[in-house]
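A quick write-up on the structure given underneath.
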Amino acid sequence: MRLMITVLLATASLLAPISAIAGSSDVEGTIRSVNVEGMSLQLDDGKTYDVPAEFNFDGLESGQKVLVFFTEVDGKRVVEDLEIIQ
5 MRLMITVLLA
15 TASLLAPISA
25 IAGSSDVEGT
35 IRSVNVEGMS
45 LQLDDGKTYD
55 VPAEFNFDGL
65 ESGQKVLVFF
75 TEVDGKRVVE
85 DLEIIQ
């Protein structure tokens with residue numbers, strides 16, 4: 005019985021990082037608006053993406069093509085990383 009519990013716990017700990025990765029998504033689009041005070045971006049897909057407090061808005065402006073990596077938390081899209089596409 006102890007062996008079975010140990011195996012189950014080991015399997016769960018190995019699969020936990022995979023589920024975190026599976027929850028992350030990415031989207032490519034054009035910035036429609038940048039809201040520095042509201043800490044968010046809106047892309048041409050009509051969706052709003054919240055950004056963390058330490059996010060650097062320097063160089064971001066409407067009309068730029070970007071690749072946004074995000075996670076959905078409580079129905080909100082939260083930016084994990086963002087790349088400007090040249």
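When we follow the numbering used here, the leftmost residue of the sequence shown carries the number 5, and every step to the right adds one. Using N, Cα and C, we set each Cβ at its ideal position, and we do this for glycine too.
query: Which partner residues does E87 have in the DSSP bridge list?
result: L71
Close-in-space but distant-in-sequence residues of the same chain around V40 (CB under 8 Å, 5 per side omitted): F61
- prompt: Which stretch, first to last residue, makes up the beta strand (DSSP E) that contains N39?
  reply: 28-39
- prompt: According to the neighbour-count rule (16 or more other Cβ atoms, all chains shown, within 10 Å of its Cβ), is I35 buried or exposed?
  reply: buried
query: What separation, rounded to the nearest whole angstrom, lies between the Cα atoms of V72 and G79?
result: 17 Å
- prompt: For D62, does the three-state DSSP call read helix, strand or coil?
  reply: coil
query: In its own chain, which residues sit with a C-beta less than 7 Å from the C-beta of Q46, not counting the 5 before and 5 after it?
result: R36, S37, T52
query: Comparing alpha-carbon positions, which option in S44, I89, V77 lies nearest V55?
result: S44
- prompt: Is V55 helix, strand or coil when you go by DSSP?
  reply: coil
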